[in-house]
Structures are given as structure tokens and as C-alpha cells.
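Some notes on the structure that comes next.
Listed below in C-alpha cells is the structure:
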């Protein structure tokens with residue numbers, strides 16, 4: 292089963308083969324994403340080991356959303372030992388988010 296994940300906006304998009312699912316949620320993505328993916332896998336009669344490859348929309352987009360999504364797909368691809376692709380079709384060992392601009396990180400106050 293091919294998995295596609297896009298966490299670049301407030302609407303998380305998950306595709307399992309040709310079926311698409313969305314989940315709207317800005318503040319609980321990190322907490323709920325694995326449950327969301329697992330629930331949709333089970334709806335399709337599948338489980339984690341049935342994923343054969345992963346494609347990730349690596350950006351540009353939400354800084355936090357892309358960080359969460361990249362951590363998820365990197366962990367899954369590593370643990371399942373399956374190919375990992377960016378949305379351009381390029382295979383990666385790990386995916387780094389493409390924020391589209393430098394990260395806006397505040398300087399320390401002290």
C-alpha cells in the first residue's frame with residue numbers, strides 16, 4: 292500500500308493508494324497523527340507492515356506541520372525499511388522539510 296502525507300497546512304492530507312482522507316486540526320497534529328494514519332489503514336484492511344512506500348509533501352508550508360510530518364515519515368520509512376520519496380518523486384534516506392524561506396527563529400532574550 293502506498294502512503295502519501297501532506298502536513299504543510301492546517302488540513303492534513305493522507306492518501307492510501309487511491310483513497311484520500313483529510314483531517315483538520317492545527318494544534319493536535321503531533322498528538323493525533325499516528326492514530327489518524329492507523330485508523331485509516333485499518334479501514335482499508337491494512338496495518339503498518341502493509342505500507343510499501345511513502346511520499347511526503349516536503350514543502351513549502353507550515354513550519355511546525357512540516358516538522359511533524361517529516362518526523363513521522365522518516366520514522367515510518369526507517370522502521371518499516373521502505374522507500375521514502377518527496378512530492379517531486381525523488382527518493383531520500385531521510386526527508387528534510389523545505390520551508391520555502393529561512394526559519395523565523397527568535398533570538399534568545401538573555
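Numbering (the numbering used here), first residue to last: 292 to 401. Heads up, the beta-carbon is just placed ideally off N, CA and C, and yes, glycines get one too. Only a predicted model underlies this, so the values are computations on that prediction, with no experimental measurement involved.
Cutoff 7 Å; reference residue i; Cβ partners in own chain excluding five residues on either side
{"i": "residue 307", "result": "292, 294, 331, 332, 335"}
{"i": "residue 343", "result": "292, 293, 373"}
{"i": "residue 321", "result": "359"}
{"i": "residue 338", "result": "332"}
{"i": "residue 391", "result": "350, 351"}
{"i": "residue 364", "result": "296, 345, 347, 375, 386"}
{"i": "residue 323", "result": "316"}
Delimiting residues of the alpha helix (DSSP H) encompassing residue i
{"i": "residue 334", "result": "320-334"}
{"i": "residue 358", "result": "354-371"}
Limits of the beta strand (DSSP E) - the one that residue i falls within
{"i": "residue 338", "result": "Here residue 338 belongs to no beta strand (DSSP E), and DSSP marks it neither H nor E."}
{"i": "residue 377", "result": "375-377"}
{"i": "residue 297", "result": "293-297"}
{"i": "residue 311", "result": "310-315"}
{"i": "residue 387", "result": "No beta strand (DSSP E) contains residue 387, which DSSP labels as neither H nor E."}
{"i": "residue 304", "result": "302-307"}
{"i": "residue 344", "result": "344-347"}
CB-CB length for residue i against residue j, believed under 8 Å
{"i": "residue 371", "j": "residue 382", "result": "With a Cβ gap of about 15 Å, residue 371 and residue 382 do not count as contacting."}
{"i": "residue 353", "j": "residue 397", "result": "Contact doesn't hold; Cβ gap of about 17 Å is too wide."}
{"i": "residue 378", "j": "residue 348", "result": "5 Å"}
{"i": "residue 389", "j": "residue 350", "result": "3 Å"}
Own chain residues within Cβ distance below 6 Å of residue i, not counting five before or after
{"i": "residue 314", "result": "303, 327"}
{"i": "residue 297", "result": "304, 348"}
Cβ neighbours of residue i in the same chain (closer than 8 Å, five flanking residues each side left out)
{"i": "residue 301", "result": "315, 316, 317, 353, 356"}
{"i": "residue 384", "result": "375"}
{"i": "residue 395", "result": "354"}
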